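In the numbering used here, the protein residues as written are 89 to 571.
Just so you know, even glycine gets a beta-carbon here, dropped at the ideal spot from N, CA and C.
In this text the structure is predicted, and so the values were computed from the model without any measurement.
See structure below.
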């Protein structure tokens, strides 16, 4: 077992009584407290002892607390510091936080808050040190290269990749479904990039973002004078990407009158501009996406049934992020790397505890929420290691499960069962079977790993072919023996 490393805290303050109190208040079995009234001596002690935390007031000599903080961060980029006392101005507080101070405490409340905040800072220092030690064995980066169009290695995403590869070979329409934020446009872009149309135009339109009275003109163009404001002829998206790919996002929000004209293009390739009489022809591949259940929209008369069947030639469903939680770290590190590559943040990494909290979260906003969280975290972080407190979401929902992988798995199974209207037991069986198959590479070996027959294993993967229940077999044997 590794030895627990003793932590060192340096308190620098002009008040001798505060130094005495803080030394007694903070000292513990594994915490050593050193005190001084000089900012220069505090810096020397920090370097000599490789201190874990410095607690400093603003008004010091010979240099002030903010200047000391700058020097601490130059000496050690992840140096933990808590500032306290009366700042010369609000700018000093802002500057201290900008420089990476863990917290700024008011002098009147420091006797109540110091120990709790210091314990959190020391815990953060431990996590920073562990992350630094791990990074010495090699830089943390996504196993997949940044040029990959889609990030994720979960079994669910592997199925999506296979479908993308197959549909990319043909020109048939593809309907991409999934919750908001799962990455439907990313999948659409990948289909185009791997198709024979890759060198032709790719145009994406959000049907929900364009007013219904303008969507027809956006898609098909208009003639001069076709309506108020049409001061010149306009080429529509179908003409623009002739020979290429047109991605219609949120197609479930397309007005019925525009749906009729779209159906005609899908059937014959012909259309006319708004206000025009000339038939035009365009050879465009249609990719469509929606987070709505189009079958229900058809039943409610909000979506044309004939158009639905024209679009639904091949369907690719993208699972929500909570169903592929093993992709969370890959995606988070990819977004972190991309932020750094764009020059929007310094080189950073996640602590082990931060990853555990992200993997315990249920991600209602899916991949888009994760990307936004990473972006905000890089802004809020005080060092180059992202800690749990840097993650800007409510951690109370995940605090009970963040250190228990089985609890996290059970939570995801319950969510999946609710979504799919299945029993949690059936979902758990299926996921275990998929993991075993991925590990062993064959049905027989996977069944052996789970301790069940190959026939039972196949029935779990394909519920429609389930064998007779064990109780029924036992009853049959009993009846046979009695005769």
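Here's a check: name, in chain order, each residue in its chain whose Cβ is nearer than 6 Å to the Cβ of residue i, leaving out the five neighbours to either side.
i: residue 414; result: 242
i: residue 191; result: 170, 205
i: residue 252; result: 278, 279
i: residue 379; result: 267, 268
i: residue 353; result: 359
i: residue 395; result: 347, 351
Tell me which residues share the same chain as residue i and place their Cβ nearer than 7 Å to its Cβ, disregarding the 5 neighbours each side in the sequence.
i: residue 133; result: 98, 122, 124, 139
i: residue 364; result: 311
i: residue 188; result: 161, 470, 471
i: residue 343; result: 300, 303
i: residue 260; result: 401, 402
i: residue 325; result: 291, 293, 306, 307, 334
Which first and last residues belong to the alpha helix (DSSP H) in which residue i is found?
i: residue 427; result: 416 to 429
i: residue 399; result: 393 to 399
i: residue 464; result: 454 to 468
i: residue 308; result: 300 to 308
i: residue 162; result: 153 to 163
i: residue 258; result: Per DSSP, residue 258 belongs to no alpha helix (DSSP H) and is neither H nor E.
i: residue 330; result: Per DSSP, residue 330 belongs to no alpha helix (DSSP H) and is neither H nor E.
i: residue 185; result: 178 to 186
i: residue 354; result: 344 to 356
Rounded to the nearest angstrom, what separates residue i and residue j at their Cα positions?
i: residue 519; j: residue 462; result: 29 Å
i: residue 570; j: residue 507; result: Caution applies to residue 570, whose pLDDT of 43 falls short of 50 and renders its modelled position unreliable; the value that the coordinates give is listed next. Approximately 46 Å, taken between the alpha carbons.
i: residue 266; j: residue 272; result: 7 Å
i: residue 262; j: residue 247; result: 15 Å
i: residue 164; j: residue 460; result: 28 Å
i: residue 529; j: residue 538; result: 13 Å
i: residue 374; j: residue 351; result: 11 Å
i: residue 366; j: residue 356; result: 15 Å
i: residue 527; j: residue 294; result: 40 Å
i: residue 102; j: residue 437; result: 37 Å
i: residue 562; j: residue 548; result: Bear in mind that the predicted position of residue 562 carries a pLDDT of just 41, short of 50, making it too unreliable to give a figure here.
i: residue 167; j: residue 270; result: 37 Å
i: residue 453; j: residue 383; result: 23 Å
i: residue 334; j: residue 315; result: 25 Å
i: residue 474; j: residue 281; result: 34 Å
i: residue 417; j: residue 104; result: 47 Å
i: residue 184; j: residue 448; result: 32 Å
i: residue 512; j: residue 276; result: 32 Å
i: residue 376; j: residue 399; result: 7 Å
i: residue 216; j: residue 209; result: 10 Å
i: residue 197; j: residue 146; result: 15 Å
i: residue 199; j: residue 113; result: 9 Å
i: residue 329; j: residue 393; result: 26 Å
i: residue 347; j: residue 283; result: 26 Å
i: residue 323; j: residue 388; result: 34 Å
i: residue 524; j: residue 505; result: 20 Å
i: residue 542; j: residue 502; result: 26 Å
i: residue 218; j: residue 212; result: 10 Å
i: residue 274; j: residue 115; result: 53 Å
If distances are taken between C-alpha atoms only, which option among the options comes closest to residue i?
i: residue 250; options: 406, 419, 204; result: 406
i: residue 381; options: 374, 394, 424, 340; result: 340
i: residue 109; options: 193, 202, 181; result: 202
i: residue 285; options: 257, 437, 497, 393; result: 257
i: residue 107; options: 516, 118, 93, 172; result: 172
i: residue 245; options: 440, 182, 368, 522; result: 522
i: residue 117; options: 129, 96, 131, 104; result: 96
i: residue 531; options: 196, 513, 550; result: 550
i: residue 137; options: 395, 349, 93, 105; result: 93
i: residue 480; options: 445, 503, 419; result: 445
i: residue 345; options: 237, 369, 391; result: 391
i: residue 237; options: 476, 540, 499, 426; result: 426
Excluding sequence positions up to five away, which residues of its chain have a Cβ less than 8 Å from the Cβ of residue i?
i: residue 478; result: 442, 465, 468, 469, 470
i: residue 423; result: 458, 459, 462, 463
i: residue 127; result: 100, 144, 148, 149, 150, 151, 152, 153, 155, 156
Starting from residue i and walking both ways along the beta strand (DSSP E), at which residues does that stretch end?
i: residue 316; result: Unbroken run through residue 316: none, as it is neither H nor E.
i: residue 290; result: 290 to 294
i: residue 95; result: 95 to 100
i: residue 138; result: No beta strand (DSSP E) holds residue 138; DSSP gives it neither H nor E.
i: residue 263; result: 262 to 265
For residue i, count neighbouring Cβ atoms within 10 angstroms of its own Cβ and tell me buried if that reaches 16, exposed if not.
i: residue 150; result: exposed
i: residue 337; result: buried
i: residue 573; result: It is not possible to answer for residue 573, since the shown part of the chain is limited to 89 through 571.
i: residue 440; result: exposed
i: residue 239; result: buried
i: residue 430; result: exposed
i: residue 297; result: exposed
i: residue 194; result: exposed
i: residue 230; result: Residue placement at residue 230 is flagged as unreliable, the pLDDT there being 43, under the threshold of 50; the coordinate-derived value follows with that caveat. Label assigned to residue 230: buried.
i: residue 420; result: buried
Any heavy atom of the ligand PLP within a distance shorter than 7 Å of the CB on residue i?
i: residue 378; result: Absence of the ligand PLP is noted for the structure shown, with no ligands found whatsoever.
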